[in-house]
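Engineer: In UniProt numbering, the protein residues as written are 1 to 345.
Cβ atoms here follow ideal geometry from the backbone N, Cα and C, with glycine treated the same way.
Being a predicted model, the structure only gives us computed values, none of them experimental.
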Amino acid sequence: MDRRSQELDTATWMRVFNEAARLGVLHVHLSGGEPTARQDIVELTAHCVRSGLYTNLITSGVGAAEARLDALSDAGLDHVQLSIQAAHGDNAERIGGMSGAHAQKLNFARSVVERGLPLTVNAVIHRGNVGEVGDLIELAVAMRAKRLEIAHTQYYGWAQLNRSALMPTRAQADASIALVEEARRRFEGQIVIDLVLPDYYANYPKPCTGGWGRRTLNVTPSGKVLPCHAAETIPGLDFWSVKNRTLADVWWNSPAFNAFRGTDWMSEPCRSCDRKDRDWGGCRCQALALTGDASATDPACHKSPLHKPMQTLATSESSTSEPPPYVYRTIRSSPDKQPSDTKMT
Ligand code: SF4
Ligand code: FES
Numbered sequence: 001m002d003r004r005s006q007e008l009d010t011a012t013w014m015r016v017f018n019e020a021a022r023l024g025v026l027h028v029h030l031s032g033g034e035p036t037a038r039q040d041i042v043e044l045t046a047h048c049v050r051s052g053l054y055t056n057l058i059t060s061g062v063g064a065a066e067a068r069l070d071a072l073s074d075a076g077l078d079h080v081q082l083s084i085q086a087a088h089g090d091n092a093e094r095i096g097g098m099s100g101a102h103a104q105k106l107n108f109a110r111s112v113v114e115r116g117l118p119l120t121v122n123a124v125i126h127r128g129n130v131g132e133v134g135d136l137i138e139l140a141v142a143m144r145a146k147r148l149e150i151a152h153t154q155y156y157g158w159a160q161l162n163r164s165a166l167m168p169t170r171a172q173a174d175a176s177i178a179l180v181e182e183a184r185r186r187f188e189g190q191i192v193i194d195l196v197l198p199d200y201y202a203n204y205p206k207p208c209t210g211g212w213g214r215r216t217l218n219v220t221p222s223g224k225v226l227p228c229h230a231a232e233t234i235p236g237l238d239f240w241s242v243k244n245r246t247l248a249d250v251w252w253n254s255p256a257f258n259a260f261r262g263t264d265w266m267s268e269p270c271r272s273c274d275r276k277d278r279d280w281g282g283c284r285c286q287a288l289a290l291t292g293d294a295s296a297t298d299p300a301c302h303k304s305p306l307h308k309p310m311q312t313l314a315t316s317e318s319s320t321s322e323p324p325p326y327v328y329r330t331i332r333s334s335p336d337k338q339p340s341d342t343k344m345t
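Right under this line is the structure:
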C-alpha cells in the first residue's frame, strides 16, 4: 500500500531486474496492488524478458489489464495469473466489494487464452466461498485455464484482521479438499489443481516461502526487500532497500533475511525435530500472529503447545451463525492499525 509518489522509477526497476537475473532468479511475479496500473508495465515486462527472467503477471483482470494485453504479449509476457473471488458474480462482487468486476474478469480470461498465453486462476477460499469450490473448478475448466489454485486463506496481515469473518468450519474445509482430489482425477491432463491446505485444521505447517531467505524475495513498490509478503508484520526487523543497496547485498547480508535463515535460530521442539529442514518450522508471520513471537514453532504444528488452542479458536470462530462484516484494506488503513488481540494466550 505504498503511495505512488514513493514507488521506484522505471530505471531503478530495470536495475533490480538485472541484478535479480545475475543473482540467479529465474521467475519474476509482477504483482501489486495492480501491476497493470503502472504506466511502464509493458516496458518493465520487456526488460525482464531481455534479462532472461520468466514473467508472470499477477492481476485482478479489471481496469487497464485487458487494454494492455496485446502489448504485454508482444513484449514477451510468459504467463498470466488471474484472481477470482467466487464462481458466481453476485457472491464474487459481494466479497471483492466491486460491482461489475466478475464479468470483467471472465472477459479478461477469455482474452488471455485467445492470445495463447497460459492462464492460472487463483481463488482464495474462506467461509464466504467455500461452498463454491466445485463450481470454481468447473469455471476454471470452462475458462480453459492451465492451472487452478484453490488456496485456503492464510491468516496473517489483513486476513488475520478478518479471521473471524473468513474462517470456514472443519467440515467445510474437509469437503473442499475432497472436491479437489476428485476433480484432479476427473480433469487429469486438462488442468492442474494446486491446493493450499487450511493451516488451522492441519497437523503440520507448510514450509512457508520454501524456507525464510532460501528461495524467494519480494521487492515492494517503494523498494524494500522482504523475505515474504507479510514480513512487515514482524516488529523489529530491519528491511534494506534497493534504493541504496544492490539486490545481492540485501539477499546475503540484510538482518531481516538472516533473522530466520537456516535452522540456527530455532528453539525446541523444532531444534531437535527431524522435519526442521523440510518445513523450516512453518510460517514466521503466522507464529507471530498467534503467539506474539516470530521465532516460536508455528502453531499449525501438532508439536506446538498452542496447536490445540489454535484449532479450538478456528472451531469457535467458524461456528458463529453470522460472520462479522469484512474490514477492507484501503490506502489510508496502514498495517499498524491492525489489532493485536488476534493472538492466543
Ligand atoms: Fe516442523 Fe518444528 Fe513441527 Fe518439527 S516441530 S514438524 S520442525 S514445525
Ligand atoms: Fe511470512 Fe509465512 S508469510 S513467513
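Return yes when at least one heavy atom of the ligand FES lies under 6 Å from the C-beta of residue 301, else no.
Structural biologist: No, the ligand FES has no heavy atom inside 6 Å of this Cβ.
Engineer: Could you give the distance in angstroms between the alpha-carbon of residue 246 and the alpha-carbon of residue 233?
Structural biologist: Roughly 24 Å separates the two Cα atoms.
Engineer: Buried or exposed, going by whether 16 or more other CB atoms sit within 10 Å of the CB of residue 215?
Structural biologist: With fewer than 16 Cβ atoms within 10 Å of its Cβ, residue 215 is classed as exposed.
Engineer: Quick one: any contact between the segment 171-190 and the segment 257-264, if contact means 3 or more CB pairs under 8 Å?
Structural biologist: No, the segment 171-190 does not touch the segment 257-264.
Engineer: Distance, Cα to Cα, residue 161 vs residue 324?
Structural biologist: Each residue's Cα considered, the two are about 11 Å apart.
Engineer: What is the chain-ordered set of residues for which the beta carbon lies under 5 Å from any non-hydrogen atom of the ligand FES?
Structural biologist: Matched residues: 208, 228, 230, 283, 284, 285.
Engineer: Please report the straight-line C-alpha distance between residue 338 and residue 329, rounded to a whole angstrom.
Structural biologist: The pLDDT assigned to residue 338 is 48, lower than 50, so where the model puts this residue is not dependable; a value taken from the coordinates is nonetheless given after this. Going from the Cα of residue 338 to the Cα of residue 329 covers about 10 Å.
Engineer: Between which two residues does the beta strand (DSSP E) harbouring residue 264 extend?
Structural biologist: Where residue 264 is concerned, there is no enclosing beta strand (DSSP E), given that its DSSP letter is neither H nor E.
Engineer: May I ask you to report which of helix, strand or coil DSSP gives residue 58?
Structural biologist: The answer is strand: DSSP assigns residue 58 an E or B state.
Engineer: Residue 270: beta carbon under 6 Å from a heavy atom of the ligand SF4?
Structural biologist: True, at least one ligand heavy atom lies under 6 Å from that Cβ.
Engineer: Quick one: which unbroken beta strand (DSSP E) runs of 3-plus residues sit fully inside the segment 140-177? Chain order, please.
Structural biologist: With a minimum length of 3 residues, the continuous beta strand (DSSP E) runs that stay inside the segment 140-177 are 147-152.
Engineer: Rounded to whole angstroms, what is the Cα-Cα separation between residue 116 and residue 225?
Structural biologist: Taking the straight line from one Cα to the other gives about 33 Å.
Engineer: Can residue 291 be considered in contact with the ligand SF4, in the sense that its beta carbon sits closer than 6 Å to one or more heavy atoms?
Structural biologist: No, the Cβ of residue 291 stays beyond 6 Å of every heavy atom of the ligand SF4.
Engineer: In angstroms with no decimal places, state the Cα-to-Cα distance between residue 281 and residue 208.
Structural biologist: Those two C-alpha atoms are separated by around 9 Å.
Engineer: Does DSSP put residue 95 in a helix, in a strand, or in coil?
Structural biologist: Residue 95 falls in the helix class under three-state DSSP.
Engineer: Which same chain residues end up closer than 8 Å to residue 231 when comparing Cβ atoms and leaving out the 5 residues on each side of it in sequence?
Structural biologist: So the list reads 218, 237, 239, 256, 284, 285, once near-sequence residues are dropped.
Engineer: Look up residue 9 in the DSSP assignment and say whether it is helix, strand or coil.
Structural biologist: Three-state DSSP puts residue 9 in coil, outside helix and strand.
Engineer: Can you tell me whether residue 17 is helix, strand or coil according to DSSP?
Structural biologist: Residue 17 falls in the helix class under three-state DSSP.
Engineer: Which residue comes first and which comes last in the alpha helix (DSSP H) that contains residue 307?
Structural biologist: First-last of the alpha helix (DSSP H) with residue 307: 307-318.
Engineer: Might you give, ordered along the chain, the residues of its own chain that have their beta carbon closer than 8 Å to the beta carbon of residue 17, omitting 5 neighbours on each side?
Structural biologist: Once the five neighbours on either side are set aside, the close Cβ partners of residue 17 are 28, 44, 47, 48, 51, 53.
Engineer: Can you tell me where the alpha helix (DSSP H) holding residue 42 begins and where it ends?
Structural biologist: 41-50 is the extent of the alpha helix (DSSP H) around residue 42.
Engineer: Over what stretch of residues does the alpha helix (DSSP H) that includes residue 106 continue unbroken?
Structural biologist: Note, residue 106: alpha helix (DSSP H), 101-114.
Engineer: So, is residue 308 buried or exposed, given that buried needs 16 or more other C-beta atoms within 10 angstroms?
Structural biologist: Residue 308 comes out exposed.
Engineer: Return the first residue and the last residue of the beta strand (DSSP E) that residue 81 is part of.
Structural biologist: Its beta strand (DSSP E) spans residues 79-84.
Engineer: Could you check what DSSP says for residue 325 in three-state terms: helix, strand or coil?
Structural biologist: DSSP places residue 325 in coil when its eight states are reduced to three.
Engineer: What residue ranges within the segment 242-302 form continuous beta strand (DSSP E) runs of no fewer than 3 residues, ordered along the chain?
Structural biologist: Entirely contained in the segment 242-302, not one beta strand (DSSP E) run reaches 3 residues.
Engineer: Which one or two residues does DSSP pair with residue 126 in a beta bridge?
Structural biologist: For residue 126, which the question treats as bridged, DSSP gives no partner whatsoever.
Engineer: Between the alpha carbons of residue 101 and residue 295, how many angstroms are there, rounded?
Structural biologist: C-alpha separation (whole angstroms): 40 Å.
Engineer: Rounded to a whole number of angstroms, what is the C-alpha to C-alpha distance between residue 127 and residue 15?
Structural biologist: Each residue's Cα considered, the two are about 42 Å apart.
Engineer: Evaluate residue 26 with the Cβ neighbour count: other Cβ atoms within 10 Å of its Cβ, from every protein chain shown; 16 or more gives buried, anything less gives exposed.
Structural biologist: Exposed.
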